[in-house]
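As numbered in the numbering used here, residues 18 to 240 make up the sequence shown, in order.
Built from N, CA and C at the ideal position, the CB exists for glycine as well.
In this text the structure is predicted, and so the values were computed from the model without any measurement.
A short worksheet on the structure shown next.
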Amino acid sequence: MTTIMPETLTCPVCGTVFEAWCVGSCSTCGKDTDFRPHYLGMDPLSVFVQACPRCHFAGYPGDFESVPAEVKRFVLSGGLRAEEVVGQEPPDELRGSTKYILAARCLAADPDTEDLEVADLYLRASWCARMERFPERERECQAEAVARFEQALETGRVESEQRAVILYLVGELYRRLGMFDVARQFFDEALHASPDEHEPGLMALIQRQDEAARARRSENMQM
Ligand SMILES: [Zn+2]
């Protein structure tokens, strides 16, 4: 079950002290085909990340302990372009997707950040947007995640044991974006990157989603 508790955070960019709900514990039971976990009890996804109500610096609670100089400069100089994400949302009650997008932008401003870490935040933003019934934002975040996962694959920043999972995930995001041919190319690559005997669960999932992409593509061709 999920437990949340209030925590006092200090923004490492502007020094604002604020109270935020943080996740104490949670447990999961199953997941969607893009790995979005199903939680038991209250869904804590939107509570894992926090955003400063003043300057909109965002991240996990640990990110509030210190901030690289580049990120601080990025936020203070307006590079975050927070207003286009936040819109009319009250600063102390931001949507989960909003906080994850802000966190992804902050993290991307750190030159030491890996593409995979930024991709993961955009993926989580897309999960929240789905829960928030905000399909346009879900697609935007899926596209941002895909771009960064692909960048990580191309630059050899994905460990070999992780490669099949990431290739599958990129395929699944393309399938969800309606790009069925590209999705199938990634599923095919994922199948060949993962020897059958290693992860039978993943292999079955790839084959199932590839079949779903194939079926949808045929439907489209007939329309
Ligand atoms: Zn701040």
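Between the Cα of residue i and the Cα atoms of the options, which residue gives the shortest distance?
i, options, result
"residue 22", "29, 30, 131 and 40", "40"
"residue 137", "97, 183, 55 and 205", "183"
"residue 147", "194, 181 and 98", "194"
"residue 20", "101, 171, 62 and 224", "62"
"residue 150", "86, 113 and 232", "113"
"residue 160", "48, 35, 107 and 191", "191"
"residue 196", "235, 216, 173 and 120", "235"
"residue 121", "99, 104, 109 and 110", "99"
"residue 129", "171, 65 and 86", "86"
Just reading off the beta strand (DSSP E) that residue i is part of, what are its end residues?
i, result
"residue 35", "34-42"
Does DSSP put residue i in a helix, in a strand, or in coil?
i, result
"residue 217", "helix"
"residue 68", "strand"
"residue 188", "helix"
"residue 46", "strand"
"residue 97", "coil"
"residue 82", "coil"
"residue 128", "coil"
"residue 176", "coil"
"residue 149", "coil"
In the DSSP output, which residue or residues are listed as bridge partners for residue i?
i, result
"residue 106", "According to DSSP, which records beta bridges pairwise, residue 106 is partnered with nothing at all."
"residue 62", "For residue 62, which the question treats as bridged, DSSP gives no partner whatsoever."
"residue 75", "68"
"residue 21", "40"
"residue 54", "48"
"residue 27", "34"
State the start and end residues of the unbroken alpha helix (DSSP H) segment that holds residue i.
i, result
"residue 117", "113-125"
"residue 194", "Looking at the DSSP string, residue 194 is not in any alpha helix (DSSP H), and its letter there is neither H nor E."
Report buried or exposed for residue i, applying the criterion of at least 16 other Cβ atoms within 10 angstroms of its Cβ.
i, result
"residue 144", "buried"
"residue 139", "buried"
"residue 221", "exposed"
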